[in-house]
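Enquirer: Under our numbering, the first residue of the sequence shown is numbered 6, with each subsequent residue one higher. Quick one: the structure is below, and I'll ask about it shortly.
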Amino acid sequence: MKALVYRGNNKIVLEDKPKPEIRDPTDAIIKLKYITICGSDLHILQGHVPTCAEGTTLGHEGVGVVDSVGDGVKNFKAGDLVLIACITSCSACAMCRRGLWSHCDKAGWILGHTIDGTQAEYVRTPLADSSLYHAPKGVDEKALCMLSDIVPTGYEVGVLAGKVKPGSSVVIVGVGPVGLGALITSKLYSPSLVVVIDKDEGRLEAAKGMGADVAINAGDKDAVKKARELTGGAGFDTVIEAVGVPASFEMCQELLSFGGNLANIGVHGKSATIAMDKLWGLNICKFGSMRCGCTGLTLSRYHYGVRELHFYSFVTTHVRSGYAEVGHPPYSW
Ligand SMILES: NC(=O)c1ccc[n+]([C@@H]2O[C@H](COP(=O)([O-])OP(=O)(O)OC[C@H]3O[C@@H](n4cnc5c(N)ncnc54)[C@H](O)[C@@H]3O)[C@@H](O)[C@H]2O)c1
Ligand SMILES: [Zn+2]
Ligand SMILES: [Zn+2]
């Protein structure tokens with residue numbers, strides 16, 4: 006089968022690999038229909054995730070059809086259409102029972118990281134009963150794929166951890182797919198103001214199309230000042246970081262109001278400064294977390310009837326051109 010393989014030093018190669026086989030009784034093999042590229046794949050390519058070995062097939066998101074299951078899998082059978090959770094979890098260990106699925110003793114974020122992932126024709130998904138979801142009947146399969154990781158991450162790690170409430174002022178720094186996921190799900194809580202900040206005008210335009218009230222270019226030297234002015238100088242109740250570089254994390258700190266919440270989504274490959282001399286007395290809360298993976302199916306309910314959550318708008322291009330657009334055209338393709 007064909008697979009997109011991480012070969013170190015910004016290099017992704019389309020290679021032939023053997024089709025995966027059942028290794029443990031709790032495994033399933035999935036034939037993929039739709040996959041995505043996550044900012045975390047880009048962090049791996051840039052060498053920010055040293056736990057990912059060269060030779061690993063990338064990808065931790067996907068929708069596909071079950072090809073085969075191990076003897077221990079009870080909830081899925083060949084032919085089922087499934088959503089693959091980006092986090093693999095056993096649902097029974099101490100961490101899973103505390104709801105910290107991404108810290109499962111047996112798994113966590115392993116797909117496309119410590120084991121071969123979904124950017125291939127087939128993938129082996131361990132702990133299938135607790136790491137796959139049945140696709141709701143009649144769902145738009147491409148849009149469903151956005152619920153493996155992208156949209157629920159924006160929701161869980163951004164909106165829920167950032168405690169967005171009715172009337173909140175919200176600023177999102179970085180509106181790639183994950184930041185856009187935070188944007189559309191923040192709207193479920195009726196915030197009074199949602200501002201987005203990004204370097205890329207195309208992404209800012211997309212964010213405005215999905216309901217951002219104001220878009221500011223991060224390259225503007227007065228970006229922070231302009232954003233704070235929109236709150237009458239008070240700063241934002243919720244600041245969501247969805248980039249993963251020191252500059253954006255540091256900008257987020259300057260956007261906080263007294264009592265504000267800074268929800269960090271970005272995967273960071275370098276350490277960033279926390280300006281405690283400025284922040285110590287502001288009564289802020291700071292969260293940095295890995296997605297725990299339980300809201301994907303809740304959000305999929307929004308596929309029924311109206312599609313106001315825009316999941317489908319995230320699907321713009323083919324994976325090959327997607328990697329090329331972000332500066333990593335795969336070799337041998
Ligand atoms: N915590 C988790 O569980 C989790 C899960 C998924 C993704 N992530 C992380 O979330 C982040 C976003 O993912 P994505 O897929 O949207 O990535 P992406 O690379 O598509 O988007 C990042 C956006 O940030 C913008 N940007 C870059 N530098 C900036 C700066 N200095 N200021 C403002 N904007 C800037 C880029 O223009 C881009 O639009 C990544 O770091 C990814 O690894 C974390
Ligand atoms: Zn991801
Ligand atoms: Zn577990």
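Backbone N, C-alpha and C fix where the C-beta goes; we use that ideal spot for every residue, glycine too. This one's a predicted model, so the numbers in the text were calculated from it and none came from an experiment.
For ligand 2, enumerate in chain order all residues having a CB closer than 5 Å to any of its heavy atoms.
Expert: Cβ atoms closer than 5 Å to ligand 2 belong to C43, S45, D154.
Enquirer: Assign G336 to buried or exposed, taking buried as 16 or more other Cβ atoms, counted over all protein chains shown, within 10 Å of its Cβ.
Expert: The sequence position of residue 336 within the sequence shown is 331, counting from 1. In the sequence under discussion, the amino acid at residue 336 is Tyr, which differs from the Gly named in the question. When all chains shown are included, Y336 counts as exposed.
Enquirer: Do A220 and K213 have their C-beta atoms within less than 8 Å of each other?
Expert: Within the sequence shown, the letter at position 215 stands for residue 220. Within the sequence shown, the letter at position 208 stands for residue 213. The answer is yes: Cβ separation under 8 Å.
Enquirer: Among all the DSSP beta bridges, which residues are the ones paired with G69?
Expert: As a position in the sequence shown, residue 69 is number 64, starting the count at 1. Answer is L37, V87.
Enquirer: Considering Cα atoms alone, identify which of D218, D225, C57, Y39 is closest to L235.
Expert: Counting from 1 along the sequence shown, the entry for residue 235 is found at position 230. The candidate whose alpha carbon is nearest that of L235 is D218.
Enquirer: Have a look at the DSSP bridge pairing and note the partners of K7.
Expert: For the purposes of this step, residue 7 is identified with residue 2 of the sequence shown, where counting begins at 1. For K7, which the question treats as bridged, DSSP gives the partners D21.
Enquirer: Which two residues bound the contiguous beta strand (DSSP E) that contains I245?
Expert: In the sequence shown, counting from the first residue as 1, residue 245 sits at position 240. Looking at the DSSP string, the run of the beta strand (DSSP E) that includes I245 is 241-246.
Enquirer: Which partner residues of G293 appear in the DSSP bridge assignment?
Expert: As a working note, residue 293 is residue 288 in the sequence shown. DSSP output for G293 lists N269 as bridge partner(s).
Enquirer: Looking at V201 and V229, is the spacing between their C-beta atoms short of 8 Å?
Expert: On the sequence shown, position 224 is the one that residue 229 refers to. On the sequence shown, position 196 is the one that residue 201 refers to. In this structure, V201 does not lie closer than 8 Å to V229 by Cβ.
Enquirer: Pick helix, strand or coil for H139, following the three-state DSSP scheme.
Expert: Taking the sequence shown and counting its residues from 1, one reaches residue 139 at position 134. Correct three-state label for H139: strand.
Enquirer: Does the distance from the C-beta atom of C57 to that of H118 stay below 8 Å?
Expert: Taking the first residue of the sequence shown as 1, we reach residue 57 at position 52. Taking the first residue of the sequence shown as 1, we reach residue 118 at position 113. The answer is yes: Cβ separation under 8 Å.
Enquirer: Going by C-alpha distance, which of F263, F254, D21, Y39 is nearest G240?
Expert: Residue mapping note: residue 240 aligns to position 235 of the sequence shown, counting from 1. G240 has its Cα closest to that of F263, out of F263, F254, D21, Y39.
Enquirer: Residues bridged to N14 by DSSP?
Expert: Walking along the sequence shown from the start, residue 14 turns up at place 9. The partner list for N14 (beta bridge, DSSP) is empty, contrary to what the question assumes.
Enquirer: Could you tell me if I17 is buried or exposed, where buried requires 16 or more neighbouring beta carbons within 10 angstroms of its beta carbon?
Expert: Here residue 17 refers to the residue found at position 12 when the sequence shown is read from its first residue. With 16 or more Cβ atoms within 10 Å of its Cβ, I17 is classed as buried.
Enquirer: In terms of DSSP beta bridges, what is A125 paired with?
Expert: Numbered from its first residue, the sequence shown carries residue 125 at position 120. DSSP, once it has assigned bridges, lists A8 as partnering A125.
Enquirer: Which one or two residues does DSSP pair with L116 in a beta bridge?
Expert: As a working note, residue 116 is residue 111 in the sequence shown. Its beta-bridge partners are I120.
Enquirer: With H, G and I counted as helix, E and B as strand and the rest as coil, what does DSSP make of V331?
Expert: In the sequence shown, residue 331 corresponds to position 326, counting from 1. Here V331 sits in coil by DSSP.
Enquirer: For T62, does the three-state DSSP call read helix, strand or coil?
Expert: Here residue 62 refers to the residue found at position 57 when the sequence shown is read from its first residue. In this structure, T62 counts as strand in the three-state DSSP scheme.
Enquirer: If you draw a straight line from the alpha carbon of V71 to that of G122, how long is it in whole angstroms?
Expert: The residue given as residue 71 occupies position 66 in the sequence shown. The residue given as residue 122 occupies position 117 in the sequence shown. Distance between the alpha carbons of V71 and G122 is about 15 Å.
Enquirer: Under DSSP, the beta strand (DSSP E) around L198 begins and ends at which residues?
Expert: As a first step, residue 198 is located in the sequence shown; it is residue number 193 there, counting from the start. First-last of the beta strand (DSSP E) with L198: 198-203.
Enquirer: From L193, N288, I42, pick the residue whose C-alpha is nearest to that of D242; which is it?
Expert: By 1-based counting over the sequence shown, the position of residue 242 is 237. Of the candidates L193, N288, I42, the one whose C-alpha sits nearest the C-alpha of D242 is N288.
Enquirer: Got a sec? Which residues, its chain only, sit under 7 Å from N15 by beta carbon, not counting five neighbours each side?
Expert: Here residue 15 refers to the residue found at position 10 of the sequence shown. Cβ within range, chain order: L50, Q51, H333.
Enquirer: At which residue ranges does the region 206-236 contain complete alpha helix (DSSP H) runs of 4 or more residues, listed in the order of the chain?
Expert: With a minimum length of 4 residues, the continuous alpha helix (DSSP H) runs that stay inside the region 206-236 are 206-214, 228-234.
Enquirer: Run the CB neighbour count on W114, radius 10 Å, all protein chains shown included, and call it buried at 16 or more, exposed below.
Expert: Numbered from its first residue, the sequence shown carries residue 114 at position 109. Buried is the call here.
Enquirer: Are at least three pairs of beta-carbons, each pair with one atom in the region 156-170 and one in the region 125-142, less than 8 Å apart?
Expert: At 8 Å Cβ cutoff, the stretches do not touch.
Enquirer: Could you compute how far the alpha carbon of V175 sits from the alpha carbon of M6?
Expert: Numbered from 1 along the sequence shown, position 170 holds the residue referred to as residue 175. Numbered from 1 along the sequence shown, position 1 holds the residue referred to as residue 6. Using only the alpha carbons, I get a separation of about 45 Å.
Enquirer: Shorter than 7 Å, the distance from the beta carbon of L261 to the closest heavy atom of ligand 1, or not?
Expert: Here residue 261 is taken as the residue at index 256 of the sequence shown, counted from 1. Result no, Cβ not under 7 Å from ligand 1.
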